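Heads up: the structure comes next, in structure tokens.
In my numbering, the protein residues as written are 431 to 997.
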């Protein structure tokens, strides 16, 4: 009776875990959106959505049979249509669980190929990896194939999912080429790497937290006892935490400031690295795996950017491929029989088990690498030849939201709205200029030769009220105000984004323009300097321009008189 209840409970948990893995699609979408530019937001969301939806169709038709069908020579499962022909006896839970894992493999590639890939081409790739590439190599480990017979261990997918997705990401990004302006040549022939900061860090961080939550289902769904589930949860927490702390310390020392996006990547790297061994390692092993992952992700991002010159906007190669490799190897180093429900034939090298398990892990890893690299290369080259992989330069510059999906922006309500697009502002009435009230223009007198000067002040947004008060005190009551983005960098104090020096640092500023005739220019300058001065970089600048004339549109007044009224 107790065993039956336990089986039912873990059967329910198995499906809850599958749901958590599905929820990770949202995490991938948020990370990729936050780490890329706003003009491609809708395209990123659409690709992540279609990864799952196209993947579901292909997995139903082909993938599930190749993965879990009757084993044929240890290489593939026998394709079949039991889902349609023998539904009453079908393994519903197993299908859903393996489907969400398949979709995860496909979506890893999206971030590495972001901002310049044809949507149609990406959909074709997604169909191929879901139908053939992933199911066959996963069969070797989880479907009764030759690797499982050998004793290869990958509990939840460091090898079968993350490394495979990371390799596909590297090959796809390499075939595609970098985003426009990512790499330029210096006069000495060396390559200069340019940073393209993501547009929404909160979205990226939200995505990481969603993924971390989903990973408890990713790693823990297949647990068969409470003690094993608890141990998996522990290792799945320790590794990413240590990876993130390690990355924070390392980037703080190397770049003088802790790198936020790199630390977010490090959390994911730790999760990827522990995935294969989460059920067979202990707390100490998970900690070491996490520390190495935290260093490896920083090295990986640098290596891909500066040595391979492959443009990976979100760090998918460093996170998934490199740490998928590390996680697969880690099984052979840190597997211990102190882990609950330990069932491997050997312990890891560092726990007295010798090198046999490590050797098996290398065989499985290199076999999977070879299959994935060959099949993915063929897939992308065929797509490139037939329909093309990359959008045009013009489409890339405009943004894929506009050119691929007809969206003006992924953030439509934040667009600058021109009244000409939507008619006149409610409550206004237009008249012909000939109906304007005649006004006697002053062309002689004490103000006939008045000098007009425009003063433009660019400063911090939080200093606007101080500046406005200072201007009012000296008699300047009319001003034009705009939010602008300003760029500049203190000489000798480089800022870094993901280890790449920023060419310029763009920050929000306020721009205030006033035109004066009666108020002395020097008085305006002195008042502005007094209001804005803090002694720190970023206090702003003041620009002074001569103005030839001033015309008030409503009345037709010109010169000095045009400045004297409210409008």
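Ideal Cβ placement from N, Cα and C applies to all residues, glycine included.
Keep in mind it's a predicted model, so treat the numbers as computed, not measured.
Query                                                                                                                                                                       : Result
From residue 554 to residue 606, what does the alpha carbon distance come to, in whole angstroms?                                                                           : 15 Å
Are the beta-carbon atoms belonging to residue 426 and residue 526 less than 8 Å from one another?                                                                          : One cannot answer for residue 426 here, as it falls past the ends of the chain, which runs 431 to 997.
With a Cβ-Cβ cutoff of 8 Å, do residue 741 and residue 548 count as a contact?                                                                                              : no
Which residues does DSSP list as the beta-bridge partners of residue 820?                                                                                                   : 547
Going along the chain, which residues of its own chain have a beta-carbon closer than 7 Å to the beta-carbon of residue 603, five neighbours each way excluded?             : 542, 543, 740, 741, 742
Tell me which residue opens and which closes the alpha helix (DSSP H) that residue 719 is part of.                                                                          : 713 to 733
Would residue 471 be called buried (16 or more neighbouring beta carbons within 10 Å of its own) or exposed?                                                                : buried
Is residue 686 helix, strand or coil by DSSP?                                                                                                                               : coil
Report, in whole angstroms, the separation of the C-beta atoms of residue 946 and residue 954, which I expect to be a contact under 8 Å.                                    : 6 Å
Check for me: the beta strand (DSSP E) holding residue 615 runs from which residue to which?                                                                                : 613 to 615
Measure the Cβ-Cβ separation of residue 793 and residue 580 and say whether it is below 8 Å.                                                                                : yes
Have a look at the DSSP bridge pairing and note the partners of residue 501.                                                                                                : 507
Do residue 823 and residue 538 have their C-beta atoms closer together than 8 Å?                                                                                            : no
In the DSSP output, which residue or residues are listed as bridge partners for residue 837?                                                                                : None, per the DSSP bridge assignment.
Tell me whether residue 484 is buried or exposed, calling it buried when 16 or more other Cβ atoms sit within 10 Å of its Cβ.                                               : buried
Where residue 841 and residue 914 are concerned, what is the direct C-alpha to C-alpha distance, given to the nearest angstrom?                                             : 19 Å
So, under 8 Å CB-CB, residue 707 and residue 760 are touching, yes? Tell me the CB distance rounded to an integer number of Å.                                              : 5 Å
Apart from the five residues on each side of it in sequence, which residues of its chain come closer than 6 Å, Cβ to Cβ, to residue 560?                                    : 485, 488, 489, 493, 532, 536
Which of the three DSSP states is assigned to residue 909 in this structure?                                                                                                : coil
Is residue 752 buried or exposed, if buried means 16 or more other CB atoms sit within 10 Å of its CB?                                                                      : buried
Take the Cβ of residue 713 as the centre, count every other Cβ of all protein chains shown within 10 Å, and call the residue buried at 16 or more, exposed below.           : exposed
Provide the residue(s) that pair with residue 981 in DSSP beta bridges, ordered along the chain.                                                                            : 988
Just to confirm my understanding: we take residue 785, look at its own chain, exclude 5 residues before and 5 after, and list those with CB closer than 6 Å. What are they? : 779
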